[in-house]
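So in this note's numbering, the last spot in the sequence shown is 940, and the numbers never skip. Quick reminder that beta carbons are idealized off the backbone N, C-alpha and C, glycines included. Presented below is the structure to which this report refers.
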Amino acid sequence: MSTAVGTPTSLPSLRVTYWRVAHSEWTKFTSVRSTLYTLTVAVLLMIGLGAIFSAIVASEAAGFGPGSSAISTSLIGTFFAQLAVGVLAVLMISGEYGTGMIRASMAVVPQRHPVLAAKLAVLAVAVFSTMLLSAAAAFLIGQVLMGSLGVGLSEPAALRSIFGAALYLTVAALTGMALGALLRNTAASITIFVGVFFLLPPLTSLLPPSWTDHFVQYLPSNAGAMLLDDSYGVAYPLAPWPGFALMCCYALILVALAGWRLRRLDA
Numbered sequence: 674m675s676t677a678v679g680t681p682t683s684l685p686s687l688r689v690t691y692w693r694v695a696h697s698e699w700t701k702f703t704s705v706r707s708t709l710y711t712l713t714v715a716v717l718l719m720i721g722l723g724a725i726f727s728a729i730v731a732s733e734a735a736g737f738g739p740g741s742s743a744i745s746t747s748l749i750g751t752f753f754a755q756l757a758v759g760v761l762a763v764l765m766i767s768g769e770y771g772t773g774m775i776r777a778s779m780a781v782v783p784q785r786h787p788v789l790a791a792k793l794a795v796l797a798v799a800v801f802s803t804m805l806l807s808a809a810a811a812f813l814i815g816q817v818l819m820g821s822l823g824v825g826l827s828e829p830a831a832l833r834s835i836f837g838a839a840l841y842l843t844v845a846a847l848t849g850m851a852l853g854a855l856l857r858n859t860a861a862s863i864t865i866f867v868g869v870f871f872l873l874p875p876l877t878s879l880l881p882p883s884w885t886d887h888f889v890q891y892l893p894s895n896a897g898a899m900l901l902d903d904s905y906g907v908a909y910p911l912a913p914w915p916g917f918a919l920m921c922c923y924a925l926i927l928v929a930l931a932g933w934r935l936r937r938l939d940a
């Protein structure tokens with residue numbers, strides 16, 4: 674008695690491509706509640722602090738303090754929102770190392786680099802789009818609250834500063850992710866990020882100006898901040914776009930080191 678042998682059902686191609694990896698990373702990014710919470714905190718800091726400081730300036734007879742303007746006042750929340758996007762960026766990758774989920778990703782994508790590139794792309798798109806809308810809202814609300822002291826979008830540096838805030842936060846987030854991929858430790862990565870972007874710049878004011886005048890403008894946060902408002906109070910400031918380019922160079926170096934470690938060492 675013969676037994677009929679069925680023909681194996683043909684399966685669709687499951688070849689790994691960059692777009693499939695990116696789609697997978699986007700799914701992971703949007704399915705975690707902490708992502709929404711952290712981005713919401715960043716938006717609230719950007720808009721809320723800009724509105725608070727703008728209202729304070731409008732109520733004071735002295736107006737703007739040294740090194741500040743209508744633009745920088747309305748966008749001051751940028752420097753606090755960077756903490757939220759930095760933490761988000763670190764957790765996106767260090768969290769997977771902590772739980773061991775990164776091994777599954779690397780098993781599916783043995784070349785490894787597409788995973789890091791996809792995470793960076795997803796983070797950049799999410800942070801830039803969210804922070805661009807937030808910066809625009811913070812600017813417009815701030816100018817309304819400042820009344821006669823405010824400026825309009827026709828101000829030469831207004832649009833550059835709005836886009837600059839989004840670009841600054843995007844590169845800051847990419848720097849945070851690079852630190853997370855390089856160190857693979859959440860606490861260490863967040864500590865270094867906070868130290869470099871939030872604590873180090875004000876601490877330099879405690880040093881003699883003869884020291885700080887020669888290097889403070891090259892710190893990542895100070896260099897990138899020139900894109901927001903070139904009245905930012907730094908001695909011998911860099912021009913806006915060269916300063917932002919320097920900030921990007923710092924991020925690229927860290928991403929390259931993270932990619933090298935990802936390639937050479939096991940997850």
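* Asked: Which class does L764 belong to by DSSP, given the choice of helix, strand or coil?
  -> Here residue 764 refers to the residue found at position 91 when the sequence shown is read from its first residue. Correct three-state label for L764: helix.
* Asked: Going by C-alpha distance, which of L840, V867, A731 and M899 is nearest L806?
  -> Here residue 806 refers to the residue found at position 133 of the sequence shown. Of the candidates L840, V867, A731 and M899, the one whose C-alpha sits nearest the C-alpha of L806 is L840.
* Which residue from V763, V758 and M719 puts its Cα closest to that of T859? -> Translated into positions along the sequence shown, residue 859 becomes position 186. The candidate whose alpha carbon is nearest that of T859 is V763.
* To do: Count the CB pairs spanning the stretch 790-799 and the stretch 741-753 that are closer than 8 Å, and state whether there are at least three.
  => The stretch 790-799 is not in contact with the stretch 741-753.
* **Nearest neighbour of V758, chosen from A929, D902 and A715 [CA to CA]** => In the sequence shown, counting from the first residue as 1, residue 758 sits at position 85. Closest by alpha carbon: A715.
* Asked: Should F888 go down as buried or exposed, given a rule of 16 or more other Cβ atoms within 10 Å for buried?
  -> Position 215 of the sequence shown, counted from the start, is the residue given in the question as residue 888. A residue is called buried once 16 or more other Cβ atoms fall within 10 Å of its Cβ, and F888, having fewer, is exposed.
* To do: Label Y909 either buried or exposed according to how many other C-beta atoms from any shown protein chain fall within 10 Å of its C-beta, with 16 as the threshold for buried.
  => Looking up residue 909 in the sequence shown gives position 236. Exposed, since its Cβ has fewer than 16 Cβ neighbours within 10 Å.
* Mind the definition here: the stretch 815-828 touches the stretch 771-782 only if three or more C-beta pairs lie below 8 Å; say whether that holds. => Counting C-beta pairs closer than 8 Å gives fewer than three between the stretch 815-828 and the stretch 771-782, which falls short of the contact rule.
* To do: Compare the Cα-Cα distances from G775 to each of S697, A809 and L832 and report the closest residue.
  => Locating residue 775 in the sequence shown gives position 102, counting from the first residue. What sits at residue 775 in the sequence shown is Ile, not Gly. Sorting S697, A809 and L832 by C-alpha distance to the C-alpha of I775 places S697 at the top.
* Answer yes or no: do M804 and T843 have a C-beta to C-beta separation smaller than 8 Å? => Taking the sequence shown and counting its residues from 1, the one referred to as residue 804 is at position 131. Taking the sequence shown and counting its residues from 1, the one referred to as residue 843 is at position 170. With contacts defined as CB atoms closer than 8 Å, M804 and T843 qualify as a contacting pair.
* Asked: Secondary structure at V928, three-state DSSP: helix, strand or coil?
  -> The residue given as residue 928 occupies position 255 in the sequence shown. Three-state result, V928: helix.
* To do: Decide yes or no for the touch test of the stretch 871-883 against the stretch 847-855: beta carbon pairs closer than 8 Å, at least 3 of them.
  => No, they do not touch.
* To do: Apply the 10 Å Cβ neighbour rule to L855 and answer buried if 16 or more other Cβ atoms are within range, or exposed otherwise.
  => In the sequence shown, the residue the question calls residue 855 occupies position 182. Burial call: buried.
* Do L657 and A731 have their C-beta atoms within less than 8 Å of each other? -> With the chain represented from 674 up to 940, any question about residue 657 goes unanswered, as that position is not in the structure.
* Quick one: using the 10 Å Cβ neighbour count with 16 as the cut-off for buried, is T746 buried or exposed? => Residue 746 sits at position 73 when you count from the first residue of the sequence shown. T746 comes out buried.
* Inter-residue spacing [alpha-carbon to alpha-carbon] between A830 and L911 -> By one-based count along the sequence shown, residue 830 stands at place 157. By one-based count along the sequence shown, residue 911 stands at place 238. A830 and L911: Cα-Cα distance of roughly 15 Å.
* Sequence ranges, beta strand (DSSP E) only - wholly within the stretch 687-725, length at least 3 -> Taking only runs of at least 3 residues, no beta strand (DSSP E) segment lies wholly in the stretch 687-725.
* Look at the Cβ atom of L811, then the Cβ atom of I720, and state whether they are nearer than 8 Å. => Within the sequence shown, residue 811 is the residue found at index 138, counting from 1. Within the sequence shown, residue 720 is the residue found at index 47, counting from 1. Note that residue 811 is Ala in the sequence shown here, rather than Leu. The Cβ-Cβ distance between A811 and I720 falls below 8 Å.
* Asked: Among residues of its own chain, excluding the 5 on either side of C921, which ones have a beta-carbon nearer than 7 Å to its beta-carbon?
  -> Here the question's residue 921 lines up with position 248 in the sequence shown. Cβ neighbours of C921 beyond the five flanking positions: V844.
* Asked: Which ranges does the alpha helix (DSSP H) cover as unbroken runs of at least 4 residues, wholly within the stretch 781-840, from first to last along the chain?
  -> Positions of the alpha helix (DSSP H) runs, each at least 4 residues long and wholly inside the stretch 781-840, are given as 786-819 in order along the chain.
* Taking S802 as the reference, which of V824, F836, E828 and G932 has the closest Cα? -> Stepping through the sequence shown from its first residue, residue 802 is reached at position 129. The option with the nearest alpha carbon to S802 is F836.
* Three-way DSSP call (helix, strand, coil) for G750 in this model -> For the purposes of this step, residue 750 is taken as residue 77 along the sequence shown, with counting starting at 1. In this structure, G750 counts as coil in the three-state DSSP scheme.
* Asked: Under a Cβ-count criterion, where at least 16 other Cβ atoms within 10 Å of its own Cβ denotes burial, should E733 be classed as buried or exposed?
  -> Locating residue 733 in the sequence shown gives position 60, where the first residue counts as 1. Classification for E733: exposed.
* Tell whether a beta-carbon distance below 8 Å holds between L761 and A861. => Looking up residue 761 in the sequence shown gives position 88. Looking up residue 861 in the sequence shown gives position 188. Going by C-beta atoms, L761 is not nearer than 8 Å to A861.
* Asked: So, are the CB atoms of I744 and S834 less than 8 Å apart?
  -> Looking up residue 744 in the sequence shown gives position 71. Looking up residue 834 in the sequence shown gives position 161. Result yes, Cβ atoms of I744 and S834 sit closer than 8 Å.
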